[in-house]
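Here the structure is laid out as structure tokens; the discussion comes afterwards.
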Amino acid sequence: MEYRNLGRTGLKVSNFCLGTGAFGSWGNTNEEECIQIVDTAIGNGINFIDTADVYAAGGSEEIVGKALKGRRNEVVLATKVGMPMGKGLNQSGSSRLWIRQEVENSLRRLQTDHIDLYQLHRPDPQTDIEETLGVLTDLVQEGKIRYIGSSTFQAWQIAEAQGVSERRNLARFSSEQPPYSILNRSIELDVLEVARKYGMGVLVWSPLSGGLLTGKYSKGQAASSDSRAARFQGTFLGSIVDPTREENRVKFEIINQLQGLAAEAGITLPHMAVAFTQAHPSITSTIIGPRTLEQLQGSLAGVDIKLSSDLLDAIDTIVAPGKTLDDLERGWIPDWMDVSSRRRA
1 MEYRNLGRTG LKVSNFCLGT GAFGSWGNTN EEECIQIVDT AIGNGINFID TADVYAAGGS
61 EEIVGKALKG RRNEVVLATK VGMPMGKGLN QSGSSRLWIR QEVENSLRRL QTDHIDLYQL
121 HRPDPQTDIE ETLGVLTDLV QEGKIRYIGS STFQAWQIAE AQGVSERRNL ARFSSEQPPY
181 SILNRSIELD VLEVARKYGM GVLVWSPLSG GLLTGKYSKG QAASSDSRAA RFQGTFLGSI
241 VDPTREENRV KFEIINQLQG LAAEAGITLP HMAVAFTQAH PSITSTIIGP RTLEQLQGSL
301 AGVDIKLSSD LLDAIDTIVA PGKTLDDLER GWIPDWMDVS SRRRA
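Structure representation (structure tokens):
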């Protein structure tokens, strides 16, 4: 395990981060196994844990809080705010009102008096970024959070936030958490460069592209019964990952090529995919989100793999830098791409 500074901060985090989105009702309802996953991750040198209020409607934070009882200071603890947590009009977003309420809820669920990295889960177009940065600054000054970050922001939104922080003397984002994988290289176009310019750490999620790079999918074959495609059979998500659909033909031809490349290198496709994210100099940490202890152990088996320049070049010939093939893991669809914003009245 390697340890890197989170951007320009003095905070040192492991280059692999334990993501807990699969803890609780969204994935693994066996609380004891989830706690064992946390124990195993820490025992193998991971000192960085990421969760969010919305994961399992708070259930993930509660499990993480129990798992860290008596050892809270051994880890850098990150969570997120902004996604809907109820039906109320003000139970989501990045307003001063909601962040003030929800940070207290997260602290209670996590059984801690402070959060090391508090992140905006998605941009909130309804709230001025100055309002959001203002309340986050207050929470830093009160000691309830230590650092702040963004997640899945566009490059211009990151730059806007940094400019507001500088002009108004407010806390600034120390990190960005975008999706990144061999099949989704869009952040290479601008997000990684703007993060480098402003000295931000980059924590990437979905290195296996929503399961497409696990090696479970083959051209022309249906997914296994325990796969993501099978779980979403007949839905929009299922249609995106279903290799039997004609519109996915090119995508799965590329996945087959990547599988062959990994086999030639003597490594598995998921290990190659995760190692690929680590090869970019702007990446601070890669979030791995196991549902089971077995999945965590499989990921840990590949943490020391480094890809050669020749192998990285070969990947580039299959999926060009900056290219995105996987619609499922874009992260979000901006409001300005809604049909109402693209058509004249």
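Each step along the sequence shown adds one to the number in the UniProt record's numbering, with nothing skipped, and position 135 is 135. For every residue, glycine included, the Cβ atom is placed at its ideal position computed from N, Cα and C. None of the values given here were measured: they were computed from a predicted structure.
_Per DSSP, what are the beta-bridge partners of TYR3 in this structure?_
SER14
*Is it true that the stretch 203-218 meets the stretch 301-318, where meeting means three or more beta-carbon pairs spaced less than 8 Å apart?*
no
*asked:* Measuring alpha carbon to alpha carbon, tell me which residue in ALA22, ILE49, LEU189 and ILE318 is nearest SER282.
replied: LEU189
*Is it the case that the Cβ atoms of VAL64 and LEU110 are separated by a distance below 8 Å?*
yes
_Residue from ARG291, PRO207 and VAL319 with nearest C-alpha to GLN36_ = ARG291
*Between the C-alpha atoms of ILE255 and GLN101, what's the straight-line distance to the nearest angstrom?*
44 Å
_So for SER206, helix, strand or coil by DSSP?_
coil
*Leaving out five residues before and five after GLY143 in sequence, what residues of the same chain have Cβ atoms less than 7 Å from its Cβ?*
HIS114
*Assign THR29 to buried or exposed, taking buried as 16 or more other Cβ atoms, counted over all protein chains shown, within 10 Å of its Cβ.*
exposed
*Rounded straight-line distance, which links the Cα of ARG185 to that of ARG231*: In this prediction, ARG231 has a pLDDT of 46, which is less than 50 and means its spatial position is unreliable; nothing more can be read from the coordinates.
*Rounded to a whole number of angstroms, what is the C-alpha to C-alpha distance between HIS271 and LEU312?*
13 Å
*Under three-state DSSP, which class holds GLY238?*
With a pLDDT of only 47 at GLY238, under 50, the local geometry of the prediction cannot be trusted, and no value is derived from it.
*With 16 other CB atoms within 10 Å as the buried threshold, where does SER151 fall?*
buried
*May I ask you to report which of helix, strand or coil DSSP gives PHE232?*
Note on PHE232: pLDDT 43, under 50, position unreliable in the model; the coordinate value appears next. Residue state, collapsed to three classes: coil.
*According to DSSP, what are the bridge partners of TYR118?*
THR79 and ILE148
*Alpha carbon to alpha carbon, how far is LEU183 from LYS323? Give it in angstroms, no decimals.*
7 Å
_Proximity winner among PHE16, GLY10, GLY199 and ILE318, relative to ALA275 (alpha-carbon distances)_ = PHE16
*Simplified DSSP assignment, three categories, for ASP310*: helix
*Straight-line CA distance for MET83 to THR20?*
16 Å
*Residues bridged to GLN177 [DSSP beta-bridge criterion]*: SER151
*In angstroms with no decimal places, state the Cα-to-Cα distance between residue 346 and LYS12.*
Residue 346 lies beyond the residue range present for the chain, which begins at 1 and ends at 345; the question has no answer from this structure.
*Nearest CA to the CA of ARG172: which residue from PRO178, ARG146, GLU193 and THR317?*
ARG146
_Local conformation of ILE288 per DSSP, three classes_ = strand
*Among the residues of its own chain, which have a CB less than 6 Å from the CB of LEU192, if the five just before and after it don't count?*
SER282
*Nonlocal neighbours in the same chain, by C-beta distance under 6 Å from CYS34, ignoring five residues either side*: PHE23, ASN28 and ILE63
*Member of GLY7, ARG8 and GLY45 whose CA lies at the smallest distance from the CA of LEU296*: GLY45
*What three-state label does DSSP hand ASN28 in the structure shown?*
strand
*In whole angstroms, what is the alpha-carbon distance linking PRO321 and GLU160?*
25 Å
_If you follow the alpha helix (DSSP H) that ASP138 is in, where does it begin and where does it stop?_
129-141
*asked:* With H, G and I counted as helix, E and B as strand and the rest as coil, what does DSSP make of THR9?
replied: coil
_Let me make sure I understand the geometry here. Which of THR51, GLY43 and ALA57 has the alpha-carbon closest to that of SER25?_
ALA57
*asked:* Whole angstroms are fine: how far does the CA of GLY10 sit from the CA of THR235?
replied: Confidence in THR235 is poor, its pLDDT being 43 and thus under 50, which makes the residue's placement unreliable; the coordinate value appears in the next sentence. Going from the Cα of THR235 to the Cα of GLY10 covers about 45 Å.
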